[in-house]
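Under the working numbering, the first residue of the sequence shown carries the number 363, and numbering increases by one thereafter.
Each residue gets a CB set at the ideal place from its N, CA and C atoms; glycine is no exception.
So the structure is just underneath, and the comments pick up after that.
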Amino acid sequence: ILIVFAPHLSTLLRTSNLKIQLARSVALFVTTMLFFQALQFIEQGQATAIFQIAPMIMSVLAVIFLKERLGPRRIISLIIGFVGAMIIIQQQAEQFTLASCLPLAATASYAVYSILTRYLGAAESAYTTLIYTAGFGAIVSSIILPFIWVTPETALDVMMLMLIPMIGGIGHFTLIQALQLTEASDLAPMNYLTLVFAMMWGALIFAEVPSPSTLAGGCLIVASGLYLLRRSRSRS
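Following this line, the structure appears as structure tokens:
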């Protein structure tokens with residue numbers, strides 16, 4: 363990111379919302395650390411399913427702090443998506459441990475990050491917000507790294523480690539743009555699609571076969587997200 367924005371760095375680093383920029387950067391860093399830590403103890407599908415509580419928290423926070431309004435249709439869409447996530451989570455209930463609280467804590471932190479990003483709105487350039495997010499993570503990670511470093515063993519490991527920040531950077535940039543253009547509560551149900559993609563990649567890469575309840579819950583989540591997308595386009 364420094365290389366890409368080097369010619370305009372001095373301009374992009376200027377912000378009138380430094381405290382909010384730092385707070386949202388902390389929230390995203392904590393989210394990432396907690397979720398990665400959770401994957402050491404529980405399966406990807408379970409961690410992702412628990413993370414689907416985020417839209418509910420985001421919507422409540424948006425009403426409280428951003429004064430956004432939740433209409434009946436939006437509430438129904440959120441509930442349908444949440445029910446779908448609960449259908450998937452319930453099959454993991456017997457394996458629920460304290461480690462399951464890690465993605466739950468990550469969910470709360472992510473909701474705060476989303477609300478702060480939406481609060482900034484058009485007041486800040488998406489590029490400025492992205493630089494602060496990446497910069498904070500880079501500085502804090504560099505301090506921690508010497509104590510936990512494990513040298514990659516193969517070129518494939520190195521390549522995959524390089525792909526993570528590239529894909530993550532694109533994802534966070536598009537999320538920032540979306541939150542600047544659309545109400546947080548409108549975008550909330552779209553987060554449920556994360557679970558669908560997690561199941562897809564789990565099947566393709568890790569040979570994880572979704573159970574009937576996982577598929578049923580996934581269908582509800584997709585229906586919720588697609589309905590909200592159609593409604594948002596119609597309103598636009």
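Residue i versus residue j - alpha carbon distance
{"i": "Asp548", "j": "Leu423", "result": "13 angstroms"}
{"i": "Thr491", "j": "Ile449", "result": "36 angstroms"}
{"i": "Ala517", "j": "Ile567", "result": "19 angstroms"}
{"i": "Phe509", "j": "Thr410", "result": "28 angstroms"}
{"i": "Pro612", "j": "Leu557", "result": "Residue 612 is absent from the structure shown; the chain starts at 363 and stops at 598."}
{"i": "Leu374", "j": "Ile363", "result": "12 angstroms"}
{"i": "Lys429", "j": "Ala385", "result": "20 angstroms"}
{"i": "Ser378", "j": "Thr495", "result": "15 angstroms"}
{"i": "Gln414", "j": "Arg376", "result": "34 angstroms"}
{"i": "Glu515", "j": "Gln402", "result": "19 angstroms"}
{"i": "Val502", "j": "Pro527", "result": "15 angstroms"}
{"i": "Met562", "j": "Ile529", "result": "17 angstroms"}
{"i": "Leu380", "j": "Ile538", "result": "16 angstroms"}
{"i": "Pro434", "j": "Ala540", "result": "23 angstroms"}
{"i": "Ile412", "j": "Ile426", "result": "23 angstroms"}
{"i": "Ile610", "j": "Val512", "result": "For residue 610 there is no data in the structure shown, the boundaries of the chain being 363 and 598."}
{"i": "Ile506", "j": "Gly499", "result": "11 angstroms"}
{"i": "Met521", "j": "Thr576", "result": "32 angstroms"}
{"i": "Gly483", "j": "Leu543", "result": "7 angstroms"}
{"i": "Ala468", "j": "Phe397", "result": "6 angstroms"}
Three-state secondary structure (DSSP) of residue i
{"i": "Ser383", "result": "What sits at residue 383 in the sequence shown is Gln, not Ser. Helix, per DSSP."}
{"i": "Pro527", "result": "helix"}
{"i": "Phe413", "result": "helix"}
{"i": "Pro574", "result": "helix"}
{"i": "Ala556", "result": "The sequence shown places Thr at residue 556, rather than the Ala named in the question. Reduced to three states, the DSSP call for Thr556 is helix."}
{"i": "Gln402", "result": "coil"}
{"i": "Leu543", "result": "helix"}
{"i": "Ser332", "result": "Residue 332 cannot be examined here, being either before or after the span of the chain that is shown, 363 to 598."}
{"i": "Ala565", "result": "helix"}
The alpha helix (DSSP H) enclosing residue i, as first and last residue numbers
{"i": "Tyr489", "result": "Ala488 to Ile510"}
{"i": "Leu466", "result": "Cys463 to Leu482"}
{"i": "Val366", "result": "Leu364 to Phe367"}
{"i": "Leu428", "result": "Note, Leu428: premise wrong, no alpha helix (DSSP H); not H, not E."}
{"i": "Thr513", "result": "Neither: Thr513 is in no alpha helix (DSSP H) and is coded neither H nor E."}
Within-8 angstroms CB hit, residue i to chain C
{"i": "Leu537", "result": "No chain C is present in this structure, which holds just one protein chain."}
Inset, instruction - Kindly confirm or deny that the region 393 to 409 and the region 433 to 448 touch, where touching means at least three C-beta pairs closer than 8 angstroms. - result: no
Inset, instruction - Check whether the region 465 to 482 touches the region 363 to 370, counting contact only when three or more Cβ pairs, one atom from each stretch, lie closer than 8 angstroms. - result: In short, these stretches do not touch, since the Cβ pair count stays below three.
Inset, instruction - Could you tell me whether the region 573 to 586 touches the region 433 to 442, where touching means 3 or more Cβ pairs closer than 8 angstroms? - result: Short answer: they touch.
Legend entry - At least 3 beta-carbon pairs within less than 8 angstroms: the region 566 to 581 vs the region 515 to 534: Short answer: they don't touch.
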